[in-house]
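Participant: Just add 2 to wherever you are in the sequence shown, counting from 1, and you've got my numbering.
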Amino acid sequence: MQSIKDLGNQISQNVQKHGSQASKEANKSVAKDSHASIGTRATAAKDMLGDKMDEHRHGTKEELYSAKK
């Protein structure tokens, strides 16, 4: 039963990791957009860094759940 729960958690972390990765890429594009205001670009850069940390955290948790099998 625990292995089913771990598999569910692993899948959840994988989905969250990919969501963070997509958000990071979108924010990266905004941060590089020379037509956006400096405030918008700075906010996007800050958000991109947060998304990168989330992506790493979810990837690490996914590996931990995978290793429990």
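We put the CB at the ideal spot given by N, CA and C, even for glycine. Just so it is clear, the structure is predicted and the values come from calculations on it, not from any experiment.
Closest to V58 by C-alpha separation, out of D35, K26 and A47, would be which residue?
Facilitator: Just to set this straight, residue 58 is His in the shown sequence, not Val. Looking at the Cα atoms, K26 is the closest of the given residues.
Participant: Would you mind stating whether Q15 and Y67 have Cβ atoms separated by less than 8 Å?
Facilitator: yes
Participant: Helix, strand or coil for M3 per DSSP?
Facilitator: Coil at M3, not helix or strand.
Participant: Under a Cβ-count criterion, where at least 16 other Cβ atoms within 10 Å of its own Cβ denotes burial, should S36 be classed as buried or exposed?
Facilitator: exposed
Participant: Between H37 and chain D, is there a C-beta pair that is closer than 8 Å?
Facilitator: This model lacks chain D altogether, as it is built from one protein chain only.
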